[in-house]
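Engineer: Please read through the structure below; I'll follow up with questions.
Okay, here's the thing in structure tokens:
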């Protein structure tokens, strides 16, 4: 399977950590040089972003660089013939059974899916009550609400096209553009979640009994920098439209009976699960 890992050249310790983990799992990885937002001209950040448009965030240089690093991965993926790509940031811990999980991804990736999220942030999220499938002992659920973090996911070609069209202007952090259903974007993402998760970022991995490696994640978008409009009319329009979106989502959650729970990280899934039946179809 095609696997990309995002890494800044100066973070050699992170690269070694993740290279060793992939090597232990028998997986080959292609390294994508991350965009260092601190070296990008401020005028470029302003021109590429959509702030202060109502609902947008003023991205920091770090957030800007993180977003463009993922864009590089999506663009590189679409230049290949691969039906799927797994994308990782360099501060993740991998479960022991990730090798077979990724090697067989084409056999279990949902036909309608854009993204399958592989990580957990150990926060309550809404999932459908029953899994769409069971993959090597891990449930595959339709993700029905926000679950931020973009450190580990599998992306389809259809999903990559959607994300690039949603990113002509950068209005929020990359994880919100991918995994938050509330913002009004050109394309709605169809996301799935692995439960228990097969990856977790280092800054919260200690809560699952893993050793601290000292890597820090900088993805969250500060709420204080969100714009609600530049004048009274824009503010009123945004408050009303955002309130209606919130209401629609709440009604959908109640009607669907989706379960809200914390997704755990498990180093190895149940070994009794049978191999899934091949059913993935390439969508371009």
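Residue numbers (our numbering): 146 to 429. By construction, the Cβ of each residue, glycine as well, lies at the ideal position given by its N, Cα and C atoms.
(1) With three or more C-beta pairs closer than 8 Å as the rule, is the region 326-346 touching the region 287-300?
(2) With distances taken from CA atoms, which of 198, 174, 353, 153 is nearest residue 207?
(3) For residue 375, is the classification buried or exposed, using 16 other Cβ atoms within 10 angstroms of its Cβ as the cut-off for buried?
(4) Going by beta carbon distance, what residues of the same chain come within less than 6 Å of residue 320, once the five residues before and after it are set aside?
(5) Who are the Cβ neighbours of residue 258 in its own chain at under 7 Å, not counting the five residues just before and after it?
(6) Between which two residues does the beta strand (DSSP E) holding residue 297 run?
(7) With DSSP collapsed to three states, give me the class of residue 237.
(8) Going by DSSP, what residue range makes up the alpha helix (DSSP H) through residue 207?
(9) At what residue ranges does the region 332-372 contain a whole run of the beta strand (DSSP E), taking only runs of 3 or more?
(10) Between residue 189 and residue 278, what straight-line distance do the alpha-carbon atoms span, to the nearest angstrom?
(11) DSSP state of residue 278, grouped into three classes?
(12) State the DSSP-derived secondary structure class of residue 402, mapped to helix, strand or coil.
(13) Who are the Cβ neighbours of residue 179 in its own chain at under 7 Å, not counting the five residues just before and after it?
(14) Does the separation of the CB atoms of residue 200 and residue 405 fall below 9 Å?
(15) Given this structure, state the Cα-to-Cα distance separating residue 306 from residue 186, to the nearest angstrom.
(16) Please report the straight-line C-alpha distance between residue 304 and residue 260, rounded to a whole angstrom.
(17) List the DSSP bridge partners of residue 230.
(18) Rounded to the nearest angstrom, what separates residue 384 and residue 324 at their Cα positions?
(19) If I measure Cβ to Cβ from residue 248 and keep anything under 7 Å in the same chain, skipping five residues before and after, which residues do I get?
(20) Quick one: is residue 263 buried, meaning 16 or more other Cβ sit within 10 Å of its Cβ, or exposed?
(21) Consult DSSP for residue 431 and reduce its assignment to one of helix, strand or coil.
(22) Flag this pair as touching only if the region 236-244 and the region 160-172 have three or more C-beta atom pairs under 8 Å; answer yes or no.
Structural biologist: With the given structure in hand:
(1) yes
(2) It is 153.
(3) Under this definition residue 375 is an exposed residue.
(4) 293, 294, 295, 364
(5) Listed in chain order, the non-local C-beta contacts of residue 258 below 7 Å within the same chain comprise 301, 335, 337, local neighbours out to five positions each way being set aside.
(6) 297-301
(7) Three-state result, residue 237: strand.
(8) In the DSSP annotation of this structure, the continuous segment of the alpha helix (DSSP H) that includes residue 207 starts and ends at 206-223.
(9) 336-340, 344-346
(10) The alpha-carbon separation between residue 189 and residue 278 amounts to approximately 43 Å.
(11) strand
(12) coil
(13) 151, 152, 153, 210, 214
(14) no
(15) 27 Å
(16) Going by the C-alpha atoms only, they are around 6 Å apart.
(17) Residue 230 pairs with 147, 300.
(18) In this structure, the CA atom of residue 384 is about 21 Å from the CA atom of residue 324.
(19) 146
(20) buried
(21) The structure shown does not extend to residue 431, since the chain is modelled only from 146 to 429, so the question has no answer here.
(22) yes
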